[in-house]
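Beneath this line is the structure, given in structure tokens, with notes to follow.
Protein chains: 4
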Amino acid sequence: MPDQVEQWLAELLRLNDEEEKVTEKQIKIVQAAVEIFAEKGYSATSTSEIAQKAGVAEGTIFRHYKTKQNLLIAIVTPIMEKLVAPFVIRNFQEVLNVQYEHFEDFMRAMLINRLAFTRKYAPVLKVMIHEIPFNPDLQAQFMEHVSTNVVERVRRIVVHFQAQGQIIEAPADSIVRMCASTIVGYAVTRYLLAPERDWNDDEEIDLMVRFMMHGLSLNPVR
Amino acid sequence: MPDQVEQWLAELLRLNDEEEKVTEKQIKIVQAAVEIFAEKGYSATSTSEIAQKAGVAEGTIFRHYKTKQNLLIAIVTPIMEKLVAPFVIRNFQEVLNVQYEHFEDFMRAMLINRLAFTRKYAPVLKVMIHEIPFNPDLQAQFMEHVSTNVVERVRRIVVHFQAQGQIIEAPADSIVRMCASTIVGYAVTRYLLAPERDWNDDEEIDLMVRFMMHGLSLNPVR
Amino acid sequence: MPDQVEQWLAELLRLNDEEEKVTEKQIKIVQAAVEIFAEKGYSATSTSEIAQKAGVAEGTIFRHYKTKQNLLIAIVTPIMEKLVAPFVIRNFQEVLNVQYEHFEDFMRAMLINRLAFTRKYAPVLKVMIHEIPFNPDLQAQFMEHVSTNVVERVRRIVVHFQAQGQIIEAPADSIVRMCASTIVGYAVTRYLLAPERDWNDDEEIDLMVRFMMHGLSLNPVR
Amino acid sequence: MPDQVEQWLAELLRLNDEEEKVTEKQIKIVQAAVEIFAEKGYSATSTSEIAQKAGVAEGTIFRHYKTKQNLLIAIVTPIMEKLVAPFVIRNFQEVLNVQYEHFEDFMRAMLINRLAFTRKYAPVLKVMIHEIPFNPDLQAQFMEHVSTNVVERVRRIVVHFQAQGQIIEAPADSIVRMCASTIVGYAVTRYLLAPERDWNDDEEIDLMVRFMMHGLSLNPVR
DNA sequence: TATGAATGAGCTTTCATTCAT
DNA sequence: GATGAATGAAAGCTCATTCAT
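Residue numbers (my numbering), protein chains in the order written: chain G, 1 to 222; chain F, 223 to 444; chain X, 445 to 666; chain A, 667 to 888.
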């Protein structure tokens, strides 16, 4: 029943769908930009290249986005919001309490959900990863969205399951980081580093869930 | 006794230490370049900026490195080699068999050793991470060094400990990936994302080792 | 009775008043254009800026004026005509003979009349002054209107009063130029350079008339 | 003996002659720029046009002057300083008292001196006149140099000769303005509007001096 | 009639690279 | 070896103008 998350999410997204009209040319520009940004990096991409690939005049890009850096932000912002949307849902914690009796269920749901998201937006996410460290505006966005919204909320989830005795007592930040590393490590390998490899996603997900659950279990080993 | 690794490593490095003479100006150039590359990214950095920060004339950079991209490679290559050096040692597997009876010992040794390395070369590693995806030459280097040398060798280690029944039967690649994710996730958070936070490295290392060992243990949970 | 000039002028203007209908938008465009042209100069003003200030679409400007340079000419031409209108009157010389027995009366009348005009159209006159030297079309207009019509006619007036022994024998062109300099010098200082200063126009006019009359008198000095 | 002014001036200018080294290319750039600025106006002149006329690469302009507007200022500033230099001389007033017993001598000296200057630097002065109203930096320069230094000092000269009873009692500002108008009016007509005409400078100077002296004399007319 | 999206030429400026000194 | 003036290609961006709606 993890898709329930997606349900609550839906209402949130409906707002976003009513965005200002985007012309056909704008869509082409964004598509071209994402492709080339992902391929050569933002700074190494020229606006004339984007215009050419998008099949529009260079001036058209600047009519709509004013600056090149504005185009980058216009691309990244909505994806950044969608990236954290499942965590930003109003009654996040209660939902999870009801939905996911065990930490394992929660982990699996999140894993599946966000991996699907990664598959869908892989190129934009690649651009995000590479440009956030060099772009103060994106950094601020990231700080606000991810740090404030996601890490803090997931932290509380971890504490919650720790209180229930489901997972080990250890700094919640560290636990969050290790789980995130496992998931992000898979996402990066799967969709950015070696997308051409023959992946068995179900098996990998099972393995990761087992790895994290065992890793955080209270049992002594051997 | 993990420092033994460093001993074998020494012989390897001796070759590197006998590099061609580098002038004082070259050192300043490289220092300046690394700093600015790490701060703004390779493409967004101009050679005049590097020259200014290094206190040399712009022509001097090109006298030594011919092109800007050459300078990048001159910076990254030796660090890439040092990064994988501990794995490239000739009799790697035998050494490990003797040195590390348990997978845990091996993991811990590697973790400590490579984290020290990351701390030392954090800026260059940041540049590497960001430029490898966009630079064919660096990509080739990375493929050769990391894929061929490291992953393949560590893979065999994993298989070795699987055969001994120390860790679960699962695709070795996946196990390598999950461990690498855990370590790299820490390194990135520790030295790139939040270096200013108050870190307790020993505790974190213990936690990660426990996380990985439990995660890969044969025991059923609960 | 200098307003008599204005009377003759009236007939001339009646033609101009029957101009083609100008829409409300056109007026706004011209107002905006004059303001910005006067502030930043013609070349440094963009049509989009004019459109924005006028509250119309950029296309509307081009629907009415075809080109930017056309807009400039549409602004300057009628003012240029009005500027020289008092001199262009058909029976100019006779009128003056009757009206103004003394050169001083003529000078004073002209001074007052054209200063009022300058006050009214100061911004457009500023644009004119700045663009005539760089715009062949405006140059031609200026040559025709000012040189042919004004200078030549005023020249004849000067000769007339010289013949009467009211003013010194000297090249009429030089006399015209010195009087024009005195008047234009005041107009420029008064309305362009230091409009915010506290001016006593009547006193200044008296002083200028005295300056010119003494300057051109036959009396020896001292 | 009006050239005495030039003598005192010499010492001042010697400082300026020891300017920083200007390369041959810089001179060509400035020459080309002045010519085209004077012909089409600053805003309507492109840097590529300047580069072409100067026979240098476009980049060379920016290596030396950083921005186009900087080039303008580099051209105008020294001429603005030279323009006011004769007035800025330290013991200006005393010098004049000794040198010029009569206001007429002073006027004639100034007239001849500054007209020679105008002839020499006519193109730059044209650029100055046109760009000062639209360029805040030049405006500030002009205010400081001309208002503070020139007008104020000449004002005092006028007051001095008024006290001696050589010229009429009238607002000194107005007297300064009328004399300046006469001179500038000639300079503009002579060197900018109709340089091709056949001018008799000596005669014009005599006439202007007479015009101003009579214009400011205490005698009643007629 | 009025609009404003679209254009592409041209703008100022930056850049990696060369080379005479 | 080191310099920094010079380069010209290409960058991001602006502009006057057009045209389908």
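We put the beta carbon where it would ideally sit given N, CA and C, even for glycine. Model, not experiment: these values are computed from the prediction.
**OP:** Report the neighbours of residue 880 of chain A on chain X: residues whose CB is nearer than 8 Å to its CB, in chain order.
**Re:** Indexing the fourth sequence from 1 puts residue 880 of chain A at position 214. Within chain X, the residues near residue 880 of chain A are 658, 659, 660, 661, 663 and 665.
Original post:
Is residue 174 of chain G helix, strand or coil by DSSP?
Top reply: Stepping through the first sequence from its first residue, residue 174 of chain G is reached at position 174. DSSP places residue 174 of chain G in helix when its eight states are reduced to three.
Original post:
Looking only at C-alpha atoms, which of F/305, F/363 and F/384 sits nearest to residue 323 of chain F?
Top reply: Taking the second sequence and counting its residues from 1, one reaches residue 323 of chain F at position 101. Looking at the Cα atoms, F/384 is the closest of the given residues.
**OP:** Following the continuous alpha helix (DSSP H) through residue 202 of chain G, name the residue where it begins and the one where it ends.
**Re:** As a position in the first sequence, residue 202 of chain G is number 202, starting the count at 1. Unbroken alpha helix (DSSP H) run through residue 202 of chain G: 201 to 216.
Original post:
For residue 574 of chain X and chain A, any beta-carbon pair shorter than 8 Å?
Top reply: The residue given as residue 574 of chain X occupies position 130 in the third sequence. It does; some Cβ of chain A falls within 8 Å.
**OP:** Between the Cα of residue 127 of chain G and those of G/158, G/45, G/108 and G/28, spot the shortest distance and give me the residue it belongs to.
**Re:** Taking the first sequence and counting its residues from 1, one reaches residue 127 of chain G at position 127. Nearest C-alpha to residue 127 of chain G: G/45.
Original post:
For the alpha helix (DSSP H) that residue 581 of chain X lies in, which residues bound it at each end?
Top reply: Taking the third sequence and counting its residues from 1, the one referred to as residue 581 of chain X is at position 137. It spans 580 to 586 - the alpha helix (DSSP H) in which residue 581 of chain X sits, taken as one unbroken run.
Original post:
First and last residue of the alpha helix (DSSP H) that includes residue 737 of chain A?
Top reply: As a working note, residue 737 of chain A is residue 71 in the fourth sequence. It spans 734 to 754 - the alpha helix (DSSP H) in which residue 737 of chain A sits, taken as one unbroken run.
**OP:** Check the Cβ of residue 433 of chain F against every Cβ in chain G and list those closer than 8 Å, keeping chain order.
**Re:** As a first step, residue 433 of chain F is located in the second sequence; it is residue number 211 there, counting from the start. Simply 178, 215 and 216.
**OP:** Take residue 709 of chain A as the anchor and find which of A/801, A/788 and A/718 has the nearest alpha-carbon.
**Re:** Translated into the one-based positions of the fourth sequence, residue 709 of chain A becomes position 43. Comparing Cα positions, the closest option is A/801.
**OP:** Using a Cβ-Cβ cut-off of 8 Å, state whether residue 429 of chain F counts as contacting chain G.
**Re:** Working through the second sequence from its first residue, we reach residue 429 of chain F at position 207. Yes - at least one Cβ of chain G is within 8 Å of the one on residue 429 of chain F.
**OP:** May I ask which residues mark the beginning and end of the alpha helix (DSSP H) holding residue 791 of chain A?
**Re:** In the fourth sequence, the residue the question calls residue 791 of chain A occupies position 125. From DSSP, the alpha helix (DSSP H) with residue 791 of chain A extends over 769 to 797.
**OP:** Determine the chain G residues that contact residue 406 of chain F at a beta-carbon separation under 8 Å, and present them in chain order.
**Re:** Translated into the one-based positions of the second sequence, residue 406 of chain F becomes position 184. Those within 8 Å of residue 406 of chain F in chain G are 181 and 185.
Subject >> Neighbouring residues, chain X, relative to residue 855 of chain A (Cβ below 7 Å) >> reply: In the fourth sequence, residue 855 of chain A corresponds to position 189, counting from 1. Simply 621.
**OP:** Give, in chain order, every residue of the region 280 to 298 of chain F whose Cβ lies closer than 9 Å to some Cβ of chain G.
**Re:** none
Original post:
If the cut is a Cβ gap below 7 Å, which residues of chain G does residue 426 of chain F touch?
Top reply: Counting from 1 along the second sequence, the entry for residue 426 of chain F is found at position 204. Per Cβ cutoff of 7 Å: 174.
Subject >> Residue environment, residue 684 of chain A, which counts as buried when at least 16 other CB atoms sit within 10 Å >> reply: Counted from its first residue, the fourth sequence places residue 684 of chain A at position 18. Residue confidence for residue 684 of chain A is low, a pLDDT of 44 falling below 50, so the modelled location carries little weight; the figure read from the coordinates is stated next. So residue 684 of chain A ends up on the exposed side.
**OP:** Determine the DSSP secondary structure at residue 149 of chain G, reduced to helix, strand or coil.
**Re:** Here residue 149 of chain G refers to the residue found at position 149 when the first sequence is read from its first residue. Three-state DSSP puts residue 149 of chain G in a helix.
Original post:
For the region 39 to 53 of chain G, which residues have a beta carbon sitting closer than 7 Å to at least one beta carbon of chain F?
Top reply: 40, 41, 43 and 44
Original post:
Would a C-beta distance cut-off of 8 Å place residue 777 of chain A and residue 849 of chain A closer than the cut-off?
Top reply: For the purposes of this step, residue 777 of chain A is taken as residue 111 along the fourth sequence, with counting starting at 1. For the purposes of this step, residue 849 of chain A is taken as residue 183 along the fourth sequence, with counting starting at 1. Cβ distance < 8 Å, so residue 777 of chain A and residue 849 of chain A count as in contact.
**OP:** Identify, in the order they occur along the chain, each residue of the same chain with its Cβ nearer than 7 Å to the Cβ of residue 491 of chain X, setting aside the five sequence neighbours on each side.
**Re:** Residue mapping note: residue 491 of chain X aligns to position 47 of the third sequence, counting from 1. So the list reads 502, 505 and 512, once near-sequence residues are dropped.
Original post:
Relative to the alpha-carbon of residue 311 of chain F, which residue among F/325, F/262 and F/376 has its alpha-carbon at the smallest distance?
Top reply: The residue given as residue 311 of chain F occupies position 89 in the second sequence. Out of F/325, F/262 and F/376, F/376 has the C-alpha closest to the C-alpha of residue 311 of chain F.
Subject >> residue 243 of chain F: first and last residue of the uninterrupted alpha helix (DSSP H) it sits in >> reply: Position 21 of the second sequence holds residue 243 of chain F. Element bounds for residue 243 of chain F: n/a, residue is neither H nor E.
Subject >> Chain-ordered residues of the region 589 to 614 of chain X with a beta carbon less than 7 Å from chain A >> reply: 614
Subject >> Exposure of residue 41 of chain G, with buried meaning 16 or more beta-carbon neighbours within 10 Å >> reply: What you label residue 41 of chain G is simply residue 41 of the first sequence in a count that begins at 1. With 16 or more other Cβ atoms within 10 Å, it is buried.
Original post:
By the criterion of Cβ-Cβ separation under 9 Å, what are the contact partners of residue 578 of chain X in chain A?
Top reply: Locating residue 578 of chain X in the third sequence gives position 134, counting from the first residue. Going along chain A in sequence order, the residues near residue 578 of chain X (Cβ under 9 Å) are 705, 706, 707, 710 and 796.
Original post:
From residue 198 of chain G to residue 63 of chain G, what does the alpha carbon distance come to, in whole angstroms?
Top reply: The residue you call residue 198 of chain G lines up with position 198 of the first sequence. The residue you call residue 63 of chain G lines up with position 63 of the first sequence. The alpha-carbon atoms of residue 198 of chain G and residue 63 of chain G are separated by roughly 43 Å.
**OP:** Take the Cβ of residue 438 of chain F as the centre, count every other Cβ of all protein chains shown within 10 Å, and call the residue buried at 16 or more, exposed below.
**Re:** Sequence index remark: in the second sequence, residue 438 of chain F carries index 216 (1-based). Buried, since its Cβ has 16 or more Cβ neighbours within 10 Å.
Original post:
Mind checking residue 764 of chain A: buried by the 16 CB within 10 Å criterion, or exposed?
Top reply: In the fourth sequence, the residue the question calls residue 764 of chain A occupies position 98. Answer is exposed; the Cβ neighbour count stays below 16.
Original post:
If you check the beta carbons only, do residue 122 of chain G and residue 191 of chain G fall under 8 Å apart?
Top reply: Residue numbering aside, residue 122 of chain G sits at position 122 when the first sequence is read from its first letter. Residue numbering aside, residue 191 of chain G sits at position 191 when the first sequence is read from its first letter. For residue 122 of chain G and residue 191 of chain G, yes; Cβs fall inside 8 Å.
**OP:** Using the Cα positions of residue 431 of chain F and residue 330 of chain F, report the straight-line distance between them to the nearest angstrom.
**Re:** Residue mapping note: residue 431 of chain F aligns to position 209 of the second sequence, counting from 1. Residue mapping note: residue 330 of chain F aligns to position 108 of the second sequence, counting from 1. Roughly 6 Å between the two C-alpha positions.
Original post:
residue 371 of chain F and residue 306 of chain F look like a contact to me (Cβ under 8 Å); what is the Cβ gap, rounded to whole Å?
Top reply: Stepping through the second sequence from its first residue, residue 371 of chain F is reached at position 149. Stepping through the second sequence from its first residue, residue 306 of chain F is reached at position 84. Right, their Cβ atoms sit about 5 Å apart.
Original post:
Could you give the C-beta distance for residue 494 of chain X and residue 480 of chain X, rounded to a whole number, given that I count them as a contact under 8 Å?
Top reply: Taking the first residue of the third sequence as 1, we reach residue 494 of chain X at position 50. Taking the first residue of the third sequence as 1, we reach residue 480 of chain X at position 36. Right, their Cβ atoms sit about 6 Å apart.
Subject >> Simplified DSSP assignment, three categories, for residue 724 of chain A >> reply: What you label residue 724 of chain A is simply residue 58 of the fourth sequence in a count that begins at 1. In this structure, residue 724 of chain A counts as helix in the three-state DSSP scheme.
Original post:
Pick from X/657, X/569 and X/525: whose alpha carbon is nearest that of residue 620 of chain X?
Top reply: To locate residue 620 of chain X, count along the third sequence from 1; it is residue 176. Ranking X/657, X/569 and X/525 by Cα distance to residue 620 of chain X puts X/657 first.
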